[in-house]
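The block underneath contains the structure these notes are about, expressed in structure tokens.
Numbering (UniProt numbering), first residue to last: 1 to 312.
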């Protein structure tokens, strides 16, 4: 899964056209539409999961987001089987949580420095890599999900120290942050931050200022829950009338409108929509070609941020 030379910034190492064009992530040129691998847990068996990843590469995806705690290692093992060095795919993983089948969302936090290091080692083993190009530190400062308590309340500086050490050792290539506040991001900037992954969509835009900060600092903004939803009680982009109106006008799906809106938001926005369905994968990639005119963008921009009743 090492990079290989691309013919041009507009095409991947395999010669596929980059969906939505090129962007920079962890010092490499990648397609603005990648793939979030968490949903591979729901694939109808291992062979269909491998086939879905091969299809993604054919469509120009060269940025895959994963974690050891997705399917307790199953997702990473599928990536290891499906992705070849000549594909030039950048694999991004994350640490800060661990599998817990009996816990909330089948996760438990793993925020302590020794747990972060162990998480990187586990990802290296399951992915079959000597170096992970990008590893995101999943904190609990913002967004839906678990909140740290007790010994899981760990100072950012202690976490960054081990992440920088892992980078210096060559085990990771770049450091990202996930579920963080703007204050946390500012404190982390001296360590060198390649991307931020926060919950962000048309209906959840509390992080507008942080998106602007990332753009100014040359940091990729890689939103999770790009269509809202994701957890019970969270609003969904596809429920908005303005989205439905735009979809009817454009002859597209509502999900494609929501993804296209994100791509229009700022040039440093990269998408990692996930699915276990091949047709949905094709549709997500096709959203990169969806043009939104000024009138449509204005109507979508007028949709308010909607607080959700988040079930944890």
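Beta carbons are placed, not taken as given, at the ideal position from N, Cα and C, and that holds for glycine. These numbers come from a predicted model, not from an experiment.
Reference residue i, options the options, closest by Cα
i           : options               : result
residue 36  : 287, 123 and 75       : 75
residue 58  : 187, 138 and 82       : 82
residue 165 : 192, 92, 182 and 12   : 192
residue 268 : 39, 217 and 79        : 217
residue 290 : 21, 8, 102 and 10     : 21
residue 18  : 56, 241, 50 and 51    : 56
residue 202 : 92, 88 and 301        : 301
residue 46  : 28, 86 and 78         : 78
residue 226 : 168, 157, 167 and 270 : 270
residue 357 : 110, 183, 134 and 71  : Because the chain is modelled from 1 through 312, residue 357 falls outside the range shown and cannot be assessed.
residue 145 : 176, 224, 80 and 71   : 224
residue 212 : 189, 190 and 265      : 265
Assigned secondary structure, residue i (DSSP; H/G/I helix, E/B strand, else coil)
i           : result
residue 17  : strand
residue 113 : helix
residue 93  : strand
residue 125 : helix
residue 202 : coil
residue 197 : strand
residue 307 : coil
residue 312 : Caution applies to residue 312, whose pLDDT of 35 falls short of 50 and renders its modelled position unreliable; the value that the coordinates give is listed next. It is coil, neither helix nor strand.
residue 77  : helix
residue 222 : coil
residue 36  : strand
residue 135 : strand
residue 145 : coil
residue 212 : helix
residue 84  : coil
Terminal residues of the alpha helix (DSSP H) in which residue i lies
i           : result
residue 280 : 278 to 286
residue 265 : 254 to 265
residue 249 : 241 to 250
residue 184 : 182 to 188
residue 296 : 294 to 301
residue 168 : 156 to 168
residue 54  : 46 to 58
Proximity of residue i and residue j at Cβ, strictly below 8 Å
i           : j           : result
residue 222 : residue 195 : yes
residue 106 : residue 138 : no
residue 229 : residue 243 : no
residue 154 : residue 205 : no
residue 65  : residue 219 : no
residue 116 : residue 96  : yes
residue 174 : residue 26  : yes
residue 176 : residue 118 : no
residue 199 : residue 160 : no
Start and end residues, beta strand (DSSP E) containing residue i
i           : result
residue 23  : 22 to 25
residue 100 : No beta strand (DSSP E) holds residue 100; DSSP gives it neither H nor E.
residue 28  : 28 to 31
is_contact[residue i, chain D] using C-beta, thresh 8 Å
i           : result
residue 190 : Protein chains in the displayed structure number just one, and chain D is not present.
For this session: Tell me, please, whether the region 253 to 271 touches the region 232 to 241 by the rule of three or more beta-carbon pairs shorter than 8 Å.
Result: yes
For this session: Assess, as a yes-or-no matter, whether the region 9 to 18 is touched by the region 115 to 127 under the definition of 3 or more beta carbon pairs within less than 8 Å.
Result: no
For this session: Count the CB pairs spanning the region 40 to 59 and the region 298 to 307 that are closer than 8 Å, and state whether there are at least three.
Result: no
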